[in-house]
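J.: Take this structure first; my questions come after.
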Amino acid sequence: MKKTLFLLLAMLACVALSAAPAVTYKEAPVLADLVKAGKLPPVAQRLPDNPLVVPADEIGQYGGVWRRGFLGPSDFNGVNRVIYDVLARFGPDGATIEMKVAESVTSSADFRTWIVKLRKGTKWSDGSPFTTDDIIFWYKDVLLNKDLTPAMPGWMLNKDGTPVAVQKINDLTATWKFKDPNTNFLLELTTKDFGDRQIPIFLPSRYLKQFHASYAKKEDLDKMVADAKLKTWGELFVAKQNPLDNPERPGMAAWVSSNRISDPIFVMKRNPYFVGVDKAGNQLPYIDEVQFKFFSDAQALNLAAIAGELDEQERHINLLNFPVLKENEQKLGKYKIFLWSSPGGFDAGVIFNQTYAKDPELGKLFANKDFRIAMSYAINRAQIHQSAFLGTGEPRQGVPKKGHPYYPGDDYAYKYTEYKPDVAAQMLDKIGLDKKDGEGFRLLP
28 MKKTLFLLLA MLACVALSAA PAVTYKEAPV LADLVKAGKL PPVAQRLPDN
78 PLVVPADEIG QYGGVWRRGF LGPSDFNGVN RVIYDVLARF GPDGATIEMK
128 VAESVTSSAD FRTWIVKLRK GTKWSDGSPF TTDDIIFWYK DVLLNKDLTP
178 AMPGWMLNKD GTPVAVQKIN DLTATWKFKD PNTNFLLELT TKDFGDRQIP
228 IFLPSRYLKQ FHASYAKKED LDKMVADAKL KTWGELFVAK QNPLDNPERP
278 GMAAWVSSNR ISDPIFVMKR NPYFVGVDKA GNQLPYIDEV QFKFFSDAQA
328 LNLAAIAGEL DEQERHINLL NFPVLKENEQ KLGKYKIFLW SSPGGFDAGV
378 IFNQTYAKDP ELGKLFANKD FRIAMSYAIN RAQIHQSAFL GTGEPRQGVP
428 KKGHPYYPGD DYAYKYTEYK PDVAAQMLDK IGLDKKDGEG FRLLP
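Residue numbers (the numbering used here): 28 to 472.
Here's what the structure looks like:
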C-alpha cells in the first residue's frame with residue numbers, strides 16, 4: 028500500500044519534451060523590467076534554440092511565492108526535490124523518462140555507448156554558456172580526482188572495476204562508453220542531481236575552476252581555504268559547488284538560491300535563463316520564488332499547514348494527522364488534501380533476502396517459496412491497513428502501481444494477500460517448522 032499525503036494550493040506542471048513551436052517568447056514581469064533597464068538580455072536570447080516545452084492543463088499566470096516548510100539544513104533533500112536539476116527526468120507518471128536540460132539521450136545498438144546531446148544556446152543562471160565542458164569538468168576534474176572522489180560510484184564503473192569513459196565529441200555532444208552493455212544508464216541520469224549531497228554530473232566549470240587545484244594558483248587557493256576556516260582545497264571546492272550553501276554558484280534549475288539553507292527562511296528565486304517554456308511560449312517558471320521556512324519539528328510544520336501557512340507540501344505531512352487534516356480541510360477551507368499514489372507501489376512490506384548466507388539454515392528457509400507464501404498469508408493486512416494507514420491506500424503485494432509500465436497485473440498484485448493463518452500454519456508444518464518452544468514460537472528444524 029503506497030500513498031503520499033500532501034496539501035496542495037499551487038502545483039507545478041511536470042516536464043516533458045516536445046518541439047518548440049515558432050512563437051514569440053514572453054517572460055515574467057520582473058524579468059521584463061530588468062530587460063528594459065538593460066540589466067538582462069531579451070528572453071529570446073536567454074532561451075536555448077530548442078527550449079523544453081512543458082505541457083500543462085492551462086496557461087498559468089506569472090508571480091507569487093510558493094511557501095514550503097523544512098526542518099533545517101539537514102533536510103536538504105526536501106529542497107533538492109524542488110530543484111531536480113538533471114539532464115533527464117521522470118515524467119508525471121513516475122515511470123516514463125523525459126528530457127530536461129538535455130535535448131536527447133540515445134544509445135548504440137549494443138547499449139555500450141550512450142550519447143548525450145545538449146540544447147544549443149543553453150545557459151547557466153549567470154548567463155554563461157552550458158556546454159559539454161561542464162560535463163567533462165565533472166568527469167575529469169571531480170569524479171577522477173581522488174581528493175574529491177575517494178571512491179568511484181558504482182554506476183560509473185565497468186564490471187572489471189575500471190572507470191567508464193566519458194568523452195567530449197563537440198560543445199553539445201558527449202558520450203559515455205561502457206565495456207559491457209548498460210541498459211540502466213538513462214535511469215541513472217534521472218537521479219544524478221543534488222540528492223543526498225552528491226555532486227551532480229554537470230557543473231559550472233567556469234565558476235568552479237577558481238576553487239580547483241588544477242586551475243587556481245596555489246597561493247590564491249590557500250588563502251581562500253584559510254579565509255573559509257577549512258583545512259583543504261577539496262573541502263573548499265565541495266562547499267562552493269553546493270548551491271544550497273553558496274548562492275553565488277550558477278545553476279540550471281527553475282529557481283536558484285538567493286541565500287543559504289542555514290537561514291531561517293531559505294529563498295530560491297527564478298532563474299532568468301531557465302530552459303523551459305509553456306505551450307504559449309511563456310518562459311517558466313510562473314512562480315517568482317520558493318520560500319522554505321524552518322520548523323523545529325514535523326509537528327510544528329503540520330500545524331503551519333493546517334493554518335494555511337504553506338502553499339504545497341508533501342514532505343513531513345504525517346499520515347497520522349490525516350483525520351485532523353481532513354477535518355480542518357472542511358472546517359477552515361484553507362487547503363485541499365490529495366492522496367498521491369507512488370509508482371513504487373508500497374509503503375510497508377516484508378521482503379526476505381533469498382541470497383542470505385550468514386546463517387545457512389535461515390538462508391535456505393528464506394529461499395523456500397512455500398515459506399514466503401506462508402508468511403504472506405500470516406500477515407493481517409486489513410488490520411494494518413486500518414490501524415497504521417487509517418484506511419488509505421490498499422492491501423496488496425509490493426509491485427508497481429496500476430498504470431506503471433512494469434505493473435504485472437492484478438493476479439500478482441493481490442496474490443497471497445488474504446489473511447489465512449490456518450493455511451500459513453499448515454504450510455509451515457509441511458516445510459519442517461512444526462516444532463515450537465514453550466512460548467509457542469516455531470523452531471528451526
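Even for Gly, the Cβ is constructed at its ideal location relative to N, Cα and C.
Bear in mind the structure is a predicted one, so any value in this text is a computation, not a measurement.
I'd like the list of long-range same chain contacts for P274, defined as Cβ closer than 8 angstroms, with 5 residues on each side in sequence excluded.
T.: Position 247 of the sequence shown, counted from the start, is the residue given in the question as residue 274. Excluding positions up to five away in sequence, the list reads V283, S284, S285, N286, R287.
J.: So M295 is in the beta strand (DSSP E); what residue range does that whole segment cover?
T.: The sequence position of residue 295 within the sequence shown is 268, counting from 1. Segment 292-297, the beta strand (DSSP E) holding M295.
J.: Who are the Cβ neighbours of R399 in its own chain at under 8 angstroms, not counting the five residues just before and after it?
T.: Reading the sequence shown from its first residue, position 372 is the one you call residue 399. F379, F393.
J.: Taking only the alpha-carbon atoms, compute the straight-line gap between A415 and M402 and give it to the nearest angstrom.
T.: By 1-based counting over the sequence shown, the position of residue 415 is 388. By 1-based counting over the sequence shown, the position of residue 402 is 375. A415 and M402: Cα-Cα distance of roughly 19 angstroms.
J.: Within the continuous alpha helix (DSSP H) that includes N197, where are the two ends?
T.: Taking the sequence shown and counting its residues from 1, the one referred to as residue 197 is at position 170. Taken as a continuous stretch (DSSP letters only), N197 belongs to no alpha helix (DSSP H), being part of the beta strand (DSSP E) at 192-197.
J.: Buried or exposed for N107, please, with buried defined as at least 16 other CB atoms from any protein chain shown within 10 angstroms of its CB.
T.: Here residue 107 corresponds to residue number 80 of the sequence shown, with the count starting at 1. It is buried - the Cβ of N107 has at least 16 other Cβ atoms within 10 Å.
J.: Assuming D290 and Y111 make a contact with CB atoms under 8 angstroms, what is their CB distance in whole Å?
T.: Against the sequence shown, residue 290 aligns to sequence position 263. Against the sequence shown, residue 111 aligns to sequence position 84. Not really, about 22 angstroms apart at Cβ, beyond 8 angstroms.
J.: Taking only the alpha-carbon atoms, compute the straight-line gap between A178 and D168 and give it to the nearest angstrom.
T.: The residue you call residue 178 lines up with position 151 of the sequence shown. The residue you call residue 168 lines up with position 141 of the sequence shown. Distance between the alpha carbons of A178 and D168 is about 14 angstroms.
J.: Would you kindly check if the distance between the Cβ of Q318 and the Cβ of V92 is under 9 angstroms?
T.: Stepping through the sequence shown from its first residue, residue 92 is reached at position 65. Stepping through the sequence shown from its first residue, residue 318 is reached at position 291. With a cutoff of 9 angstroms on beta-carbon distance, V92 and Q318 are scored as near each other.
J.: Specify, as a first and last residue, the run of the alpha helix (DSSP H) that F365 falls within.
T.: Your numbering for residue 365 matches position 338 in the sequence shown. It is not in any alpha helix (DSSP H) - F365 instead sits in the beta strand (DSSP E) that spans 364-368.
J.: Which runs of the beta strand (DSSP E), 3 residues or longer, sit entirely within the stretch 89-142?
T.: Taking only runs of at least 3 residues, the beta strand (DSSP E) segments lying wholly in the stretch 89-142 are 92-97, 115-117, 124-126, 129-134.
J.: Excluding the 5 residues preceding and the 5 following R408 in the sequence, name in chain order all residues of the same chain whose CB lies nearer than 7 angstroms to its CB.
T.: Locating residue 408 in the sequence shown gives position 381, counting from the first residue. Sequence-distant partners of R408 (beyond 5 residues in either direction) whose C-beta falls short of 7 angstroms from its own C-beta, in its chain, are P422, T444, Y446.
J.: Please state whether DSSP places P48 in a helix, a strand or coil.
T.: Taking the sequence shown and counting its residues from 1, the one referred to as residue 48 is at position 21. In this predicted model, P48 has a pLDDT of only 49, less than 50, meaning its place in the structure is not dependable; the value taken from the coordinates is given anyway. In this structure, DSSP gives P48 a state outside helix and strand, which the three-state scheme calls coil.
J.: Assign P69 to one of three DSSP states: helix, strand, or coil.
T.: The residue you call residue 69 lines up with position 42 of the sequence shown. P69: coil per DSSP, three-state reduction.
J.: Taking the straight line between their C-alpha atoms, what separation do you get for P75 and Y300?
T.: Mapped onto the sequence shown, residue 75 falls at position 48. Mapped onto the sequence shown, residue 300 falls at position 273. Roughly 9 angstroms between the two C-alpha positions.
J.: Could you tell me which residues DSSP pairs with P156 in its beta bridges?
T.: For the purposes of this step, residue 156 is identified with residue 129 of the sequence shown, where counting begins at 1. Answer by DSSP bridge pairing, in chain order: K150.
J.: In angstroms with no decimal places, state the Cα-to-Cα distance between P56 and R73.
T.: By 1-based counting over the sequence shown, the position of residue 56 is 29. By 1-based counting over the sequence shown, the position of residue 73 is 46. Across the structure, P56 and R73 are spaced so that their CA atoms are roughly 15 angstroms apart.
J.: Could you tell me which residues DSSP puts in a beta bridge with S284?
T.: Counting from 1 along the sequence shown, the entry for residue 284 is found at position 257. Answer is M295.
J.: Sort P432, K391, K429, D449 by Cα distance to A405 and report the nearest one.
T.: For the purposes of this step, residue 405 is taken as the residue at position 378 of the sequence shown. Scanning P432, K391, K429, D449 for the CA closest to the CA of A405 turns up D449.
J.: Tell me, to the nearest whole angstrom, how far the beta carbon of V304 is from that of V80; I am working on the premise that it is less than 8 angstroms.
T.: For the purposes of this step, residue 304 is taken as residue 277 along the sequence shown, with counting starting at 1. For the purposes of this step, residue 80 is taken as residue 53 along the sequence shown, with counting starting at 1. That pair is a contact at about 6 angstroms.
J.: Whose C-alpha, out of K391, D120, P78, V50, is nearest the C-alpha of S131?
T.: Looking up residue 131 in the sequence shown gives position 104. It is P78.
J.: With distance defined between alpha-carbon atoms, name the residue in S241, W260, Y242 nearest to K250.
T.: On the sequence shown, residue 250 is found 223 positions in, with the first residue counted as 1. Residue W260 holds the alpha-carbon nearest to the alpha-carbon of K250 among S241, W260, Y242.
J.: Considering only residues of the stretch 302-384, which uninterrupted alpha helix (DSSP H) runs meet the minimum length of 4 residues and lie entirely inside it, listed in chain order?
T.: If we require 4 residues or more, the alpha helix (DSSP H) runs fully inside the stretch 302-384 come out as 325-333, 349-359.
J.: Leaving out five residues on either side along the sequence, give the residues of the same chain with a beta carbon under 7 angstroms from the beta carbon of L383.
T.: As a first step, residue 383 must be located in the sequence shown, where it is residue number 356. Note that residue 383 corresponds to Tyr in the displayed sequence, not to Leu. L389, G390, F393, listed in sequence order.
J.: Using DSSP with H/G/I as helix, E/B as strand and the rest coil, what is K447?
T.: Walking along the sequence shown from the start, residue 447 turns up at place 420. In the three-state reduction of the DSSP assignment, K447 falls in the coil class.
J.: Can you look up D245 in the DSSP assignment and give me helix, strand or coil?
T.: What you label residue 245 is simply residue 218 of the sequence shown in a count that begins at 1. Per the sequence presented here, residue 245 reads as Lys, with Asp not at that position. Looking at K245 - three-state DSSP - the assignment turns out to be helix.
J.: In whole angstroms, give me the CA-to-CA distance for H343 and Y242.
T.: Taking the first residue of the sequence shown as position 1, residue 343 is located at position 316. Taking the first residue of the sequence shown as position 1, residue 242 is located at position 215. Each residue's Cα considered, the two are about 42 angstroms apart.
J.: Please name the residue, chosen from A266, T218, D464, that lies closest to A122 on a Cα-to-Cα basis.
T.: Taking the sequence shown and counting its residues from 1, the one referred to as residue 122 is at position 95. Nearest C-alpha to A122: T218.
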